[in-house]
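Participant: Going from the sequence shown to the numbering used here is simple: count from 1 and add 12. Positions of the beta carbon are idealized from the N, C-alpha and C atoms, including for glycine. Sharing a structure, written as structure tokens. Questions coming.
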Amino acid sequence: MSIIRSVVAGCGSYLPERVVTNQDMTKIVDTTDDWIVERTGIHARHIAADGELTSDLALKAARAAIAHAGIDAQEIDTIILATTTPDNTFPATAVTVQAELGIHHGAAFDIQAVCSGFVYALTIADTFIRCGQAKTVLVIGAETFSRLLDWTDRTTCVLFGDGAGAVIVKAGEGEGTNADRGILTAHLHSDGRYKDKLYVDGGPSSTQTTGHVRMEGREVFRHAVVNIADTIKEALAATGLTANDIDWFVPHQANKRILDGTAKRIGLPPEKVVITVGDHGNTSAASVPLALDQAIKDGRIKRGDLVLLEAMGGGFTWGSVLVRW
13 MSIIRSVVAG CGSYLPERVV TNQDMTKIVD TTDDWIVERT GIHARHIAAD
63 GELTSDLALK AARAAIAHAG IDAQEIDTII LATTTPDNTF PATAVTVQAE
113 LGIHHGAAFD IQAVCSGFVY ALTIADTFIR CGQAKTVLVI GAETFSRLLD
163 WTDRTTCVLF GDGAGAVIVK AGEGEGTNAD RGILTAHLHS DGRYKDKLYV
213 DGGPSSTQTT GHVRMEGREV FRHAVVNIAD TIKEALAATG LTANDIDWFV
263 PHQANKRILD GTAKRIGLPP EKVVITVGDH GNTSAASVPL ALDQAIKDGR
313 IKRGDLVLLE AMGGGFTWGS VLVRW
């Protein structure tokens, strides 16, 4: 029996030109390269230029994804942009991207799930496509996260960077088996009891300021490894697949120790894990599509590969998407 599948038809990304190394960070806060690398695996991060907005990053990633998919922008009927750092409180940054692409039809909106944002957005796109609400969706994760950092707090400012990644998701036909090309299963979760473990201490309604990132690192690490492993097992159980069936694991790039711990917990060999955190830092909603695009461009991910995406962010929010490339 034929069913509708959400097929990832193209991918693109963009990183700001400015690179801030760990050595550069030692001139800003009391830290060392060894301290940062040992705890996070991060060596450098990209930082947006003055006046460079989240929409600027998102637009460049979007255009790269459109080109990779080989489609006309006018085919896009929905734009979903995951970000914690919108250009303005409103309107949604997605409508700026929509206008710049010359699209005057369909819908464009932002979603906020912090580091899980891209996984949430991709799941929404899949739902829209499967229920007939959309046929071609542009999904973007874009952040100028550096604008939320307290540059005197060495426990947080060394972790994050700016960037954007995007995918084009199109409606396709499948037979309802795991061999189908497209998204096979997606799972989202949140638990607001832990919102104070990773948050920004400001906002329009509370302080009328942007605020800064605050984090209890050990608590976030502890929950991340357990929650991420659980949602991966959930995806495998839903499809009847095993960790051995996964060709590539593309996780949220928060911390190399979290990535290593998660892979070990579910029995994935390190060589199947796409890791970019060393060069990009944690780019929040942009990290999964950035890593995905790199693995596509360097030839690791090929047509027919089974790719597992996952993320966890403030809230806590977390989720996974299993897709046949």
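#1: Can you check DSSP and say which residues form a bridge with Glu322?
#2: Sort Ser18, Ile54, Ile16, Cys23 by Cα distance to Asn34 and report the nearest one.
#3: Indicate whether Tyr26 and Ala73 have their beta-carbon atoms separated by less than 8 Å.
#4: Count the other CB atoms, across all protein chains shown, that sit within 10 Å of the CB of His116; report buried if there are 16 or more and exposed otherwise.
#5: The beta strand (DSSP E) that contains Glu112, what's its start and end?
#6: Helix or strand or just coil, what does DSSP make of Cys143?
#7: Do you know how far the Cα of Asp259 is from the Cα of Val212?
#8: Counting along the chain, where does the alpha helix (DSSP H) carrying Thr243 start and finish?
#9: With H, G and I counted as helix, E and B as strand and the rest as coil, what does DSSP make of His201?
#10: Please report how far the alpha carbon of Leu134 lies from the alpha carbon of Arg312, in whole angstroms.
#11: In whole angstroms, what is the alpha-carbon distance linking Pro98 and Thr251?
#12: Should Ile15 go down as buried or exposed, given a rule of 16 or more other Cβ atoms within 10 Å for buried?
#13: Taking DSSP as the reference, what is the three-state secondary structure of Ile313?
#14: Quick check: the segment 232-239 against the segment 264-284, are at least 3 beta-carbon pairs closer than 8 Å?
#15: Give me the residue from Val20, Ala106, Leu248, Ala303 with the minimum Cα distance to Gly279.
#16: Mark Ala77 as exposed unless 16 or more other C-beta atoms lie within 10 angstroms of its C-beta, in which case mark it buried.
#17: Using a Cβ distance threshold of 8 Å, determine whether the segment 319-337 contacts the segment 120-130, with at least three qualifying pairs required.
#18: Put Leu210 into one of helix, strand or coil per three-state DSSP.
#19: What residues in its chain sit with their C-beta under 6 Å from that of Gly214, if we drop five residues either side in the sequence?
#20: In the structure shown, what three-state DSSP assignment does Gly24 receive?
#21: Helix, strand or coil, according to DSSP, for Leu161 in the structure here?
#22: What residue from Gly22, Ser299, Val20 has the CA that sits closest to Thr288's CA?
#23: Determine the closest residue to Ala255 out of Gln265, His264, Asp242, with distance taken between C-alpha atoms.
#24: Please check the pair Val19 and Ala56, which I expect to be a contact at CB under 8 Å, by giving their CB distance rounded to whole angstroms.
#25: Rounded to the nearest angstrom, what separates Thr167 and Thr66 at their Cα positions?
#26: Just to confirm, is the Cβ distance from Val113 to Thr105 under 8 Å?
#27: Only counting the same chain, and skipping five residues up and downstream in sequence, which positions put a Cβ closer than 8 Å to that of Ala79?
#28: Taking Cβ positions, are Glu187 and Asp174 nearer each other than 8 Å?
#29: At the 8 Å Cβ level, is Pro282 part of the contact set with chain D, yes or no?
#30: Based on Cα-Cα distance, which residue from Ala183, Trp163, Leu318, Pro301 lies nearest to Val131?
#31: Assign Asp122 to one of three DSSP states: helix, strand, or coil.
Facilitator: Here's the rundown:
#1: In the DSSP output, where bridge partners are listed per residue, Glu322 has Pro263, Ser332.
#2: Taking only the C-alpha atoms, the option nearest Asn34 is Ile54.
#3: Yes.
#4: The residue in question, His116, is exposed, as its Cβ has fewer than 16 Cβ neighbours within 10 Å.
#5: Run containing Glu112: none in the beta strand (DSSP E); it sits in the alpha helix (DSSP H), 105-112.
#6: Reduced to three states, the DSSP call for Cys143 is coil.
#7: Approximately 36 Å, taken between the alpha carbons.
#8: 229-251 is the extent of the alpha helix (DSSP H) around Thr243.
#9: In the three-state scheme derived from DSSP, where H, G and I count as helix and E and B as strand, His201 is classed as strand.
#10: Taking the straight line joining both Cα atoms gives about 21 Å.
#11: Distance between the alpha carbons of Pro98 and Thr251: 36 Å.
#12: Result: exposed.
#13: Correct three-state label for Ile313: coil.
#14: Flag = yes, the segment 264-284 and the segment 232-239 touch.
#15: Closest option to Gly279, Cα to Cα, is Leu248.
#16: Buried is the call here.
#17: Remark: three or more beta-carbon pairs, one from each stretch, lie closer than 8 Å, so the segment 319-337 and the segment 120-130 are flagged as touching.
#18: Three-state DSSP puts Leu210 in a strand.
#19: Cβ within range, chain order: Thr221, Thr222, Gly223.
#20: Gly24: strand per DSSP, three-state reduction.
#21: Reduced to three states, the DSSP call for Leu161 is coil.
#22: Ser299 is the residue among Gly22, Ser299, Val20 whose C-alpha sits nearest the C-alpha of Thr288.
#23: Residue Asp242 is the option with its Cα nearest to Ala255.
#24: Contact doesn't hold; Cβ gap of about 34 Å is too wide.
#25: About 24 Å.
#26: According to the sequence as given, residue 113 is Leu; it is not Val. It is not a contact, given that the beta carbons lie outside the stated cut-off.
#27: These residues qualify, in order along the chain: Gly22, Gly24.
#28: Contact annotation: Glu187 and Asp174 have beta-carbon atoms that are not nearer than 8 Å.
#29: You won't find chain D in this structure, because it holds only one protein chain.
#30: Nearest option by C-alpha distance: Pro301.
#31: The three-state secondary structure of Asp122, taken from DSSP, is strand.
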